[in-house]
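Protein chains in written order, with my numbering: chain A, 1 to 249; chain B, 1001 to 1481.
Here you go:
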């Protein structure tokens, strides 16, 4: 599904990612952990194509497409979804309208018929019920005046509606109380299927009590210094990162 | 790293769709401003003596005035002797008696502008007065309106057919001494629309005037007068376009609204004059005076969507003279390329329990400079006057500017005045967020801007809200790379 080979990237000549190799198969959930400043969010941004990052080497393939050649909106239409660490507010733009535009851009790209307002509402309301979200979300402007938890839940709703091939969750758990965390985790688990994959970036092991990863990778100083199964996350919780960093040095 | 360039930094020209010139033989006055010019215009329109006198008084007053320097706009001094004050399509014989006799080229022009005038294709439910340079070329649905007692015609025609009404109201809201450009207009105004709604009548359709500047080196000086008798109601919309030319052209209009007891006037503007190019070459100087007066329980609501003109200088205002009267101002002003706008409103509270609402949305892109200037004045006797003002500015890119100049004068202690102002920037992060959900950068900007303007668009008549939204989209075309 996703193949990252020797990816190197940075901001303004400052290297941040120094050679990332990662292979994610369909049906898998990968967790990426690591201390602050290790490059986790940079990796998410580079995958989604955010401006301001220079890719200096390596490649990223989504199925067989070279992702780095595509504009952010093209990546999104190919099935890359980024759940933002800080979802952006768009005042005055109705959430339902925004989400329908997004869904239809992606449907158009897939050669599917666009959803009219009625059918969209039906679909989105069903999804909201599944996720335990209140319907007044739809009437409010995109993320404007939302609490931190609401913003993250809105990300999960968008993810559920857009049904991505590759979902990258960038510290979606940060700042969430336990109920919100459950909703987020539940959304991710519901999405999980044989034809998609998830990369969950997190600082804390806590989220991984709810989303059980197939693989855990530790990112440090722009490289993956350790990979393992879910037990690695527990080990990190107990021992911290220092022992790994010492080993890597 | 990707094919995607820096989103906001790159600004390219968008095409102005209405920049064509109609090739038609015109009768134009030589450039210059003097008594003979005023007499010529007045004679051309077969005006009564009192109107000529009024024009001449305005001209004499104008000669003593200096052009205002307080607006936050920059432009070289206008040479008023270098402008032609009258230009009209040449008429064969006595001129057309109905729209069927109008030169097909003119009809075609309006068709191209999306305002078909002939019977088959007229906009349903909207009566249109089409003003081409200095002349009105025709008004649709006149008969239908007449059966409701509504008078809708060009002001020249009104001077001939209803002189008593024109004489009674002309200059009562904007006197000829009012300000530099209003005074100039009073001397040389050529045409414009006249609306009269009789007592207790709700105008059965939307009224609309479409202004088109075609000839080069001419100024357009139209004068619009709307009178709503007691307990009547009218909704009026004006639209404006002009060809692309390298020189600047002057448009100095005056609009006067009179809302008598319990009457309501809703005046909407979608202004799309040629804005000039990126370097600020060409474009219309839009120096306009718009003002309405409200008697007891009356209401005047101005809604404007200003996307065109090189320079916009206008402050649609309401004098709340009658008790319980209401004034509203909803504005979207967009400046892209090298456009400059200094616009806002004046709400003058005189009567008791008068209320006013101001919602102004300024959008600056490219090298555009956008200023809100508003005055809220509460007089000594205006007990319990209330005002709410909200001025929001949105910046796209880092070469543009937004400025807010609110003035508040309250002479009655019971007044309640609220002012809120915000300035925000369309962030790369907002655009990226939309992109990440599959939306094109330009669609993202349009969506963000339309969200920003929502409170104003919902004040526009239905048919035009969609138009305004599209116009904004077109005007922003190329505002992202």
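Here a beta-carbon is modelled for each residue, glycine too, at the ideal position from N, C-alpha and C.
Using beta-carbon positions only, say whether residue i and residue j come within less than 9 Å of one another.
| i | j | result |
| --- | --- | --- |
| residue 85 of chain A | residue 171 of chain A | yes |
| residue 1370 of chain B | residue 1333 of chain B | yes |
| residue 1109 of chain B | residue 1272 of chain B | no |
| residue 1145 of chain B | residue 1128 of chain B | no |
| residue 206 of chain A | residue 173 of chain A | yes |
| residue 1337 of chain B | residue 1278 of chain B | yes |
| residue 1040 of chain B | residue 1029 of chain B | yes |
| residue 1307 of chain B | residue 1472 of chain B | yes |
| residue 19 of chain A | residue 36 of chain A | no |
| residue 26 of chain A | residue 154 of chain A | no |
| residue 1345 of chain B | residue 1375 of chain B | yes |
| residue 1368 of chain B | residue 1404 of chain B | no |
| residue 1323 of chain B | residue 1357 of chain B | no |
| residue 220 of chain A | residue 201 of chain A | no |
| residue 1222 of chain B | residue 1155 of chain B | yes |
| residue 91 of chain A | residue 1457 of chain B | no |
Hey, does residue i have any beta-carbon neighbour from chain B nearer than 9 Å?
| i | result |
| --- | --- |
| residue 39 of chain A | no |
| residue 94 of chain A | yes |
| residue 245 of chain A | no |
| residue 85 of chain A | no |
| residue 64 of chain A | no |
| residue 51 of chain A | yes |
| residue 158 of chain A | yes |
| residue 106 of chain A | yes |
| residue 227 of chain A | no |
| residue 76 of chain A | yes |
| residue 101 of chain A | yes |
| residue 48 of chain A | yes |
| residue 120 of chain A | no |
| residue 141 of chain A | yes |
| residue 98 of chain A | yes |
| residue 207 of chain A | no |
| residue 162 of chain A | yes |
| residue 203 of chain A | no |
Let me make sure I understand the geometry here. Which of the options has the alpha-carbon closest to that of residue i?
| i | options | result |
| --- | --- | --- |
| residue 1251 of chain B | B:1086, B:1060, B:1300, B:1452 | B:1086 |
| residue 1160 of chain B | B:1042, B:1037, B:1274, B:1473 | B:1042 |
| residue 124 of chain A | A:113, A:112, A:138 | A:138 |
| residue 161 of chain A | A:81, A:33, A:25 | A:81 |
| residue 28 of chain A | A:175, A:167, A:219, A:218 | A:167 |
| residue 232 of chain A | A:222, A:224, A:218, A:245 | A:218 |
| residue 1037 of chain B | B:1018, B:1023, B:1058, B:1020 | B:1058 |
| residue 1199 of chain B | B:1261, B:1111, B:1138, B:1076 | B:1261 |
| residue 1229 of chain B | B:1190, B:1297, B:1396 | B:1297 |
| residue 1 of chain A | A:89, A:194, A:73 | A:194 |
| residue 150 of chain A | A:165, A:175, A:109 | A:175 |
| residue 1407 of chain B | B:1347, B:1193, B:1430 | B:1347 |
| residue 1422 of chain B | B:1398, B:1363, B:1400 | B:1363 |
For residue i, which residues in chain B fall below 9 Å Cβ to Cβ?
| i | result |
| --- | --- |
| residue 145 of chain A | Ordered by position in chain B, no residue passes the 9 Å Cβ test against residue 145 of chain A, which lies about 13 Å from the chain. |
In chain B, which residues lie less than 8 Å from residue i when you measure between Cβ atoms?
| i | result |
| --- | --- |
| residue 82 of chain A | 1436 |
Any beta carbon from chain A within less than 9 Å of residue i's own beta carbon?
| i | result |
| --- | --- |
| residue 1473 of chain B | no |
| residue 1226 of chain B | no |
| residue 1443 of chain B | yes |
| residue 1466 of chain B | no |
| residue 1455 of chain B | yes |
| residue 1001 of chain B | For residue 1001 of chain B, the pLDDT reaches just 31, beneath the cut-off of 50, and the residue's location in the model is therefore unreliable, although a value from the coordinates is still provided. Residue 1001 of chain B counts as touching chain A. |
| residue 1010 of chain B | Legend: pLDDT at residue 1010 of chain B = 35, less than 50; position of this residue unreliable, value from coordinates given subsequently. Not closer than 9 Å to any Cβ of chain A, the Cβ of residue 1010 of chain B fails to qualify, so no. |
Give the interface partners of residue i over in chain A, defined as CB-CB distance under 7 Å, in chain order.
| i | result |
| --- | --- |
| residue 1440 of chain B | 73 |
| residue 1430 of chain B | 88, 90 |
Starting from the beta carbon of residue i, find every residue of chain B whose beta carbon is closer than 7 Å, and list them in chain order.
| i | result |
| --- | --- |
| residue 155 of chain A | What residue 155 of chain A touches in chain B: nothing, since even the nearest Cβ is about 10 Å away. |
Just to make sure I have the definition right: I need the residues of chain A whose C-beta is within less than 9 Å of the C-beta of residue i. Which are they?
| i | result |
| --- | --- |
| residue 1448 of chain B | 90, 91, 92, 93 |
| residue 1425 of chain B | Under the 9 Å cutoff, chain A gives no residues; its nearest Cβ is about 12 Å from residue 1425 of chain B. |
Could you list which residues in chain A have their beta carbon closer than 8 Å to that of residue i, in chain order?
| i | result |
| --- | --- |
| residue 1433 of chain B | 84, 87, 88, 90 |
| residue 1452 of chain B | 91, 92 |
Kindly say whether residue i, judged by its beta-carbon, lies nearer than 9 Å to any beta-carbon of chain C.
| i | result |
| --- | --- |
| residue 123 of chain A | In the structure shown, chain C cannot be found, because the protein chains are A and B. |
Task: Whole runs of the alpha helix (DSSP H) within the segment 185–216 of chain A, excluding any shorter than 4 residues - done: For the alpha helix (DSSP H) assignment, the segment 185–216 of chain A encloses no uninterrupted run of at least 4 residues.
Open item on the list: Which runs of the alpha helix (DSSP H) at least 4 residues long sit entirely within the segment 94–158 of chain A? Give them in chain order.
Closed with: If you keep only unbroken alpha helix (DSSP H) runs of at least 4 residues inside the segment 94–158 of chain A, you get 95–109, 117–131.
Task: In chain order, each beta strand (DSSP E) run of at least 3 residues that lies wholly inside the segment 1225–1278 of chain B - done: Listed in chain order, the complete beta strand (DSSP E) runs (minimum 3 residues) inside the segment 1225–1278 of chain B are 1233–1241, 1248–1251, 1254–1259, 1264–1271.
Open item on the list: Restricting to runs no shorter than 3 residues, where is the beta strand (DSSP E) found entirely within the segment 1008–1077 of chain B?
Closed with: Under the rule that a run must span 3 or more residues, the beta strand (DSSP E) segments found entirely inside the segment 1008–1077 of chain B read 1026–1028.
Open item on the list: Just to confirm the assignment: which complete alpha helix (DSSP H) runs, minimum length 4, are found wholly within the segment 4–80 of chain A?
Closed with: Within the segment 4–80 of chain A, the complete alpha helix (DSSP H) runs of at least 4 residues are 40–48, 72–78.
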